[in-house]
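Per the numbering used here, the very first residue in the sequence shown carries number 5; after that it's consecutive. Notes follow the structure.
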Amino acid sequence: MDHMFDGYGMLSSFKLDGRNNFATGSHRFIDSAAWQHYAATGKMRWREFATAPRYESLGDRLSDVASTLGGVLGLAQGVTDNASVNVVPLPDGTAVALTETVQGTYRVDPDTLQTLGQVQYSKSGVKGDLTTAHPALLADGDLINLVSAVGVGFNVYRHPAGAFEQRQLIATVPHRRPLAPAWVHDFPATQTYAVVPEMPLYFNVGKLLLGGTSDYIFMDWAPSDGTTLHVVDLRDGRRRSYRAPACFVFHWGNAFESPDGRYLHLDACLYEDPEIVNDLYLRHLRAEYQPGRQAGRAFLRRATIDLQAPDGSEVSWRPLVEDEAEMSPPFDFPKVNPLYRGKPYRYLYGACSTRPTNAHNSVAKFDVEQGSLEVWHEAGTLVGEPVFVPAPEATAEDDGVVMVVLVQADGSSALVVLDGKSLEEVARCRVPYQLTIGFHGTFLPSSS
Numbered sequence: 005m006d007h008m009f010d011g012y013g014m015l016s017s018f019k020l021d022g023r024n025n026f027a028t029g030s031h032r033f034i035d036s037a038a039w040q041h042y043a044a045t046g047k048m049r050w051r052e053f054a055t056a057p058r059y060e061s062l063g064d065r066l067s068d069v070a071s072t073l074g075g076v077l078g079l080a081q082g083v084t085d086n087a088s089v090n091v092v093p094l095p096d097g098t099a100v101a102l103t104e105t106v107q108g109t110y111r112v113d114p115d116t117l118q119t120l121g122q123v124q125y126s127k128s129g130v131k132g133d134l135t136t137a138h139p140a141l142l143a144d145g146d147l148i149n150l151v152s153a154v155g156v157g158f159n160v161y162r163h164p165a166g167a168f169e170q171r172q173l174i175a176t177v178p179h180r181r182p183l184a185p186a187w188v189h190d191f192p193a194t195q196t197y198a199v200v201p202e203m204p205l206y207f208n209v210g211k212l213l214l215g216g217t218s219d220y221i222f223m224d225w226a227p228s229d230g231t232t233l234h235v236v237d238l239r240d241g242r243r244r245s246y247r248a249p250a251c252f253v254f255h256w257g258n259a260f261e262s263p264d265g266r267y268l269h270l271d272a273c274l275y276e277d278p279e280i281v282n283d284l285y286l287r288h289l290r291a292e293y294q295p296g297r298q299a300g301r302a303f304l305r306r307a308t309i310d311l312q313a314p315d316g317s318e319v320s321w322r323p324l325v326e327d328e329a330e331m332s333p334p335f336d337f338p339k340v341n342p343l344y345r346g347k348p349y350r351y352l353y354g355a356c357s358t359r360p361t362n363a364h365n366s367v368a369k370f371d372v373e374q375g376s377l378e379v380w381h382e383a384g385t386l387v388g389e390p391v392f393v394p395a396p397e398a399t400a401e402d403d404g405v406v407m408v409v410l411v412q413a414d415g416s417s418a419l420v421v422l423d424g425k426s427l428e429e430v431a432r433c434r435v436p437y438q439l440t441i442g443f444h445g446t447f448l449p450s451s452s
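This is the structure we're talking about:
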């Protein structure tokens with residue numbers, strides 16, 4: 005495996021027993037077809053993000069090209085089902101592990117980490133295979149997501165609450181380049197709108213099929229195209245599109261509407277280009293390969309869309325932190341208090357980098373009203389995505405705790421609990437083994 009996004013999906017869990025001051029850690033591979041094949045043969049079945057299978061013959065290569073083409077077109081499972089990106093809880097007590105292919109969606113048991121089976125969607129007319137692992141949760145329990153169909157566009161759809169296998173089409177947004185869809189890893193949403201961010205980083209389908217590489221894995225960067233923000237009304241599917249400067253965004257921090265409904269605010273961890281994608285090659289993350297190499301830098305910025313402006317109007321980005329060049333560390337994996345998701349808010353938490361480093365090693369808390377930040381850092385550690393858990397009887401937005409997994413230099417790992425107001429450590433659960441560097445997770449309260 006060559007890239008941080010290539011590894012086979014593994015669930016890690018900490019169970020916290022507050023009554024007895026006891027914690028249990030566990031982990032388990034997701035039982036995907038990709039993992040089963042590798043475990044049985046020691047060989048890759050499908051291409052992962054940046055690593056292609058090693059072919060033993062021309063026939064094997066041609067067979068894989070045909071299989072991948074069928075997967076890209078949604079005709080067969082010709083792409084990986086390695087559900088390695090995110091975990092989303094469902095109302096029935098199970099959860100789904102997700103990646104960016106439709107096939108890579110698996111139900112799992114949060115208690116045992118057992119894989120319960122691959123999700124089989126009902127027939128709905130929602131076409132496409134390239135999806136996101138970041139569905140947006142609405143107040144009524146519905147989930148919103150999008151899937152990209154080559155030659156068609158982005159299909160925005162709804163999972164009704166309690167019926168994840170069902171998908172209801174809301175709108176189709178045509179691709180700017182029909183045979184080269186833009187990569188969308190995440191998207192912002194409110195209760196009323198979902199925004200499809202069509203940034204100028206395009207799939208090179210030829211490189212994807214043939215196992216080749218482009219400037220950015222199997223994608224091409226065309227900054228002269230700029231960024232188009234497609235605003236889809238979740239009530240009726242109507243779409244309006246706005247132009248913004250070229251940028252790259254992995255993750256959106258939050259989105260919310262003004263009280264009068266005229267303005268839509270989008271907060272993002274914004275990169276000026278997609279070089280961060282290459283920064284996550286394992287050879288770049290290993291310090292001995294290139295001493296002094298620094299982590300790619302994203303800035304916290306906001307775009308404000310006037311929903312009464314004409315279609316095609318220009319939108320700009322503004323910094324949310326004072327003295328951005330000096331104060332803002334490289335920052336991603338943004339999280340808000342879940343009670344403020346899709347609403348006006350003040351505090352944003354995330355993983356950041358205290359330099360010199362080539363990876364996230366700190367936790368940041370941004371005050372987007374004051375334009376200030378606080379940082380928690382422990383030398384010799386790497387951090388995962390922070391998760392904010394509100395206090396049961398919270399009276400303030402930051403009344404709660406921030407949970408974050410650490411990987412430590414001595415080979416051990418820990419779950420650290422930080423105070424949501426001060427970022428001071430309040431608890432730590434150590435495990436005597438090294439966890440994998442994960443991507444996204446969630447907090448599940450006990451049913452008891």
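Just so it is clear, CB atoms sit at the ideal spot from N, CA and C, and this is done for glycine as well.
DSSP-derived helix/strand/coil call for residue i
i    : result
L214 : helix
N258 : strand
L15  : strand
L141 : strand
Y2   : Outside the displayed range of the chain (5 to 452) lies residue 2, so it cannot be described from this structure.
W321 : strand
P201 : strand
F9   : coil
E52  : coil
H2   : Nothing in the structure corresponds to residue 2, since the chain is present only between 5 and 452.
L180 : Checking the displayed sequence, the identity of residue 180 turns out to be Arg instead of Leu. Residue state, collapsed to three classes: coil.
H234 : strand
E382 : coil
H364 : coil
P394 : strand
S88  : coil
P227 : helix
F443 : coil
L147 : strand
Whether residue i touches residue j by CB criterion (7 Å)
i    : j    : result
W225 : P278 : yes
A368 : F335 : yes
M223 : L205 : yes
H87  : I148 : Correcting the residue type first, residue 87 is Ala in the shown sequence and not His. Contact flag unset, no.
E202 : T232 : yes
Y125 : R51  : no
T194 : A259 : yes
P500 : W256 : A query on residue 500 cannot be resolved here, the shown segment of the chain reaching from 5 to 452 and no further.
A56  : R49  : no
A54  : D6   : yes
R243 : V236 : yes
V393 : V405 : yes
T135 : V106 : yes
R32  : L117 : yes
V325 : L343 : no
L439 : P114 : no
H163 : F254 : no
Reference residue i; option with closest CA among the options
i    : options                   : result
S152 : F168, A186 and D146       : A186
V91  : A193, R51, A143 and S17   : S17
T308 : C273, Y267 and R32        : Y267
S30  : V435, L448, S450 and P449 : V435
G13  : S36, D21, G22 and F191    : S36
D133 : N365, D115, K127 and V154 : V154
T109 : V83, S128, T116 and C433  : V83
T361 : H288, A431 and V160       : H288
A302 : D327, P333, L427 and F9   : P333
D414 : A431, A398, E401 and Y437 : Y437
P178 : P164, R162 and F158       : F158
V112 : L94, K127 and R290        : L94
K339 : P323, L117, F168 and C356 : C356
H453 : A198, T440, S366 and Y42  : Examination of residue 453 is not possible in this model, given that the chain is present from 5 through 452 alone.
E276 : D310, W321 and Y285       : W321
Residue range of the beta strand (DSSP E) that includes residue i
i    : result
Q412 : G404 to Q412
L311 : Segment: none, L311 is in no beta strand (DSSP E) and carries neither H nor E.
R243 : R243 to A248
D186 : According to the sequence as given, residue 186 is Ala; it is not Asp. Counting along the chain, A186 falls outside any beta strand (DSSP E), and DSSP gives it neither H nor E.
C273 : Y267 to Y275
R111 : T109 to V112
Limits of the unbroken alpha helix (DSSP H) element including residue i
i    : result
E429 : E429 -> not in any alpha helix (DSSP H); beta strand (DSSP E) instead, spanning E429 to V435.
L120 : Per DSSP, L120 belongs to no alpha helix (DSSP H); it is in the beta strand (DSSP E), T119 to Q122.
Q40  : A37 to T45
V281 : E279 to D283
L286 : L286 to L289
Practice prompt. Kindly confirm or deny that the region 439–447 and the region 88–106 touch, where touching means at least three C-beta pairs closer than 8 Å.
Written response: Verdict: yes, contact present.
Practice prompt. Tell me, please, whether the region 386–395 touches the region 406–414 by the rule of three or more beta-carbon pairs shorter than 8 Å.
Written response: Contact between the region 386–395 and the region 406–414 is present, because at least three Cβ pairs lie under 8 Å.
Practice prompt. Would you check if there are 3 or more beta carbon pairs closer than 8 Å linking the region 369–381 to the region 332–351?
Written response: Yes: at least three Cβ pairs fall under 8 Å.
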